[in-house]
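Chemist:
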Amino acid sequence: MRVAFSTLGCRLNQFESDALEQMARAAGHTVVDAEAAPEVVVVNTCTITHEADADARQHVRRAARAGARVVVTGCWATAAPAEAAALPGVALVVGNREKERLFDMLGETCSEGHVPEIHVAPVDLLRRVRVARLRPAADPRRSRAYLKIQDGCDYRCSFCVVPQVRGRSASVPPPEVRAQLQELVVAGVPEVVLTGVHLGIYGRDLRPRSSLSALVAELLPLLGPARLRLGSVDPHEVDERLVTLLASDPRLCPYLHLPVQSGDDDTLRRMRRAHTTADLRALVPRLAEAVPGIGVGTDVIVGFPGESDEAFAATHALLAALPLAYLHVFAYSPRAGTDAASLSGQVDAEVKQRRGAALRALSAAKQRAFAAAQIGRTLPVVIHRTRHRRTGLLVGRAGNGLTVLAAGDDALLGRSGAVEVERAEGTHAVGRLVA
């Protein structure tokens with residue numbers, strides 16, 4: 004069959020879609036773009052917000068209108084399988100834990116008039132189950148690949164629905180991670196991104212126990228010419244060994260994303276976050292000192308229930324004072340099934356909008372300052388497989404996350420190189436290739 008994929012949400016979903024594409028080819032199917040008249044469209048969904056749910060439904064309906072039979076999987080499929088199955092054109096609904104068997108389930112489910120099948124096991128938050136065995140895949144359309152090392156979460160943040168659809172934390176054993184990394188290196192992938200729901204608690208469920216920093220130390224010697232990038236790590240879970248690796252090994256990208264969510268301790272307590280503002284005040288300057296030029300970014304939620312003007316001012320002041328490269332800003336929206344949805348002190352939409360605009364302006368200023376601070380430095384980059392649309396220049400992503408433009412031949416597309424930064428243009432940099 005001709006199969007297309009539509010992926011919504013996080014890097015973990017992208018990894019799983021890449022793996023499913025590889026499985027589709029191994030099962031004898033042809034993977035095509037959504038515009039190429041597929042017979043089946045696999046929609047890998049997100050459910051982090053109500054807007055994500057609506058986006059999932061829209062993608063399913065769009066695929067069905069084009070005449071394809073639809074397989075719905077991912078987090079929204081796990082959270083609302085009956086609702087997904089009731090949409091026109093849906094042949095199969097597959098939960099997160101069942102993704103590895105998705106193509107075994109295809110067949111008669113895609114015949115005309117077949118009643119949609121639901122394969123979604125209930126998520127048991129009291130029991131730990133193994134990670135779905137999906138293999139990483141090198142996508143020729145991209146210059147990086149994702150490698151899933153962990154799934155699920157043991158935390159219970161009051162605003163988050165993810166544990167209900169991903170289950171408890173489960174780590175991929177180090178020997179499997181090493182083998183999968185080596186597959187990607189042999190395939191010539193220039194950058195591998197470690198991904199999961201909660202990277203910072205990697206290895207706590209394994210026997211013998213491990214840790215994220217211990218795993219990274221094992222993986223770095225296997226990279227060859229490739230480099231390794233970390234996804235999100237909570238501030239209190241960045242240990243000194245990880246800081247040392249970031250500072251000492253050029254194969255590990257000097258980059259960290261810290262999902263802070265607030266710069267006010269009372270708000271963090273209501274969110275049931277495990278870190279405090281003291282963790283952030285200690286960590287970010289430590290990283291900047293130990294790893295010159297590191298790109299550190301964060302997520303922030305504005306308008307969480309009970310966030311006063313004073314609490315927001317504390318958040319703004321803290322984030323303004325820290326050497327951050329960027330902020331990802333989100334307005335809080337109540338999520339059914341979470342404790343935060345029933346908290347008192349819900350914040351007015353206009354106030355959320357105003358606070359979000361203030362932090363986005365702060366982020367833009369920090370991005371410009373970060374780009375300007377790189378002038379005169381030579382940065383290792385991985386060059387995208389497509390050119391910059393407006394200028395026609397090569398587009399590279401530096402290890403610290405900065406977007407860098409440079410002139411060069413098509414032979415460099417998808418390759419590693421080095422760029423000497425000559426100037427900053429807004430939030431990106433422009434330079435010349437020196438390697």
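The sequence shown begins at 4 in the working numbering and counts up by one. Glycine included, every Cβ here is placed at the ideal spot set by N, Cα and C. Remember, predicted model here, so these are calculated numbers, not experimental data.
(1) By how many angstroms is the C-alpha of Thr-52 removed from the C-alpha of Val-164?
(2) Curious, which full-length alpha helix (DSSP H) runs of at least 4 residues does the segment 411-437 contain?
(3) Thinking Val-303 and Ser-265 are a contact (beta carbons under 8 Å), I'd like their distance in whole angstroms, please.
(4) Just to confirm my understanding: we take Pro-41, look at its own chain, exclude 5 residues before and 5 after, and list those with CB closer than 7 Å. What are they?
(5) Throw me the rounded Cβ distance for the Gly-155 and Ala-173 pair, which I believe falls under 8 Å.
(6) So, is Thr-318 buried or exposed, given that buried needs 16 or more other C-beta atoms within 10 angstroms?
(7) Determine the burial state of Gln-61: buried for a count of at least 16 other Cβ atoms within 10 Å of its Cβ, exposed for fewer.
(8) At what residue ranges does the segment 366-393 contain a whole run of the beta strand (DSSP E), taking only runs of 3 or more?
(9) So His-410 packs on Leu-397, CB below 8 Å; how close in whole Å?
(10) Please state the DSSP three-state secondary structure of Leu-290.
(11) Given this structure, state the Cα-to-Cα distance separating Ala-2 from Arg-230, to the nearest angstrom.
(12) Report the three-state DSSP secondary structure of Phe-162 (helix, strand or coil).
(13) Cβ of Leu-362 within 9 Å of Cβ of Val-424?
(14) How far does the beta strand (DSSP E) with Arg-230 in it reach, from first residue to last?
(15) I'd like the list of long-range same chain contacts for His-201, defined as Cβ closer than 8 Å, with 5 residues on each side in sequence excluded.
(16) Give the secondary structure of Ile-304 by DSSP, where H, G and I count as helix, E and B as strand, and everything else as coil.
(17) Enumerated in chain order, which unbroken segments of the alpha helix (DSSP H) with a length of 4 residues or greater are wholly contained in the segment 202-247?
(18) Can you name the start and end residues of the beta strand (DSSP E) that Gln-264 belongs to?
(19) Of the residues Ala-277, His-278, Gln-349, which one's Cα is nearest the Cα of Ser-311?
(20) If you drop the 5 nearest sequence neighbours on each side, which residues of the same chain put their C-beta closer than 7 Å to that of Arg-289?
(21) Among Pro-193, Pro-337, Glu-243, Gly-227, which has the Cα closest to the Cα of Ala-217?
(22) Would you mind giving the Cβ-Cβ distance between Tyr-335 and Phe-307, rounded to the nearest angstrom? I have them listed as a contact below 8 Å.
(23) In this structure, what does DSSP give as the bridge partners for His-331?
Modeler: In this structure, then:
(1) 9 Å
(2) none
(3) 7 Å
(4) Arg-5, Val-6, Ala-7, Val-35, Ala-71
(5) 5 Å
(6) buried
(7) exposed
(8) 381-386
(9) Checking the displayed sequence, the identity of residue 410 turns out to be Ala instead of His. Contact flag correct, Cβ pair sits at about 7 Å.
(10) helix
(11) This structure cannot settle anything about residue 2, because the visible part of the chain is limited to 4 through 438.
(12) coil
(13) no
(14) 230-233
(15) Gln-153, Gly-155, Cys-156, Asp-157, Tyr-158, Ser-172, Asp-237
(16) strand
(17) 215-222
(18) 258-264
(19) Gln-349
(20) Val-246
(21) Glu-243
(22) 5 Å
(23) Asp-302
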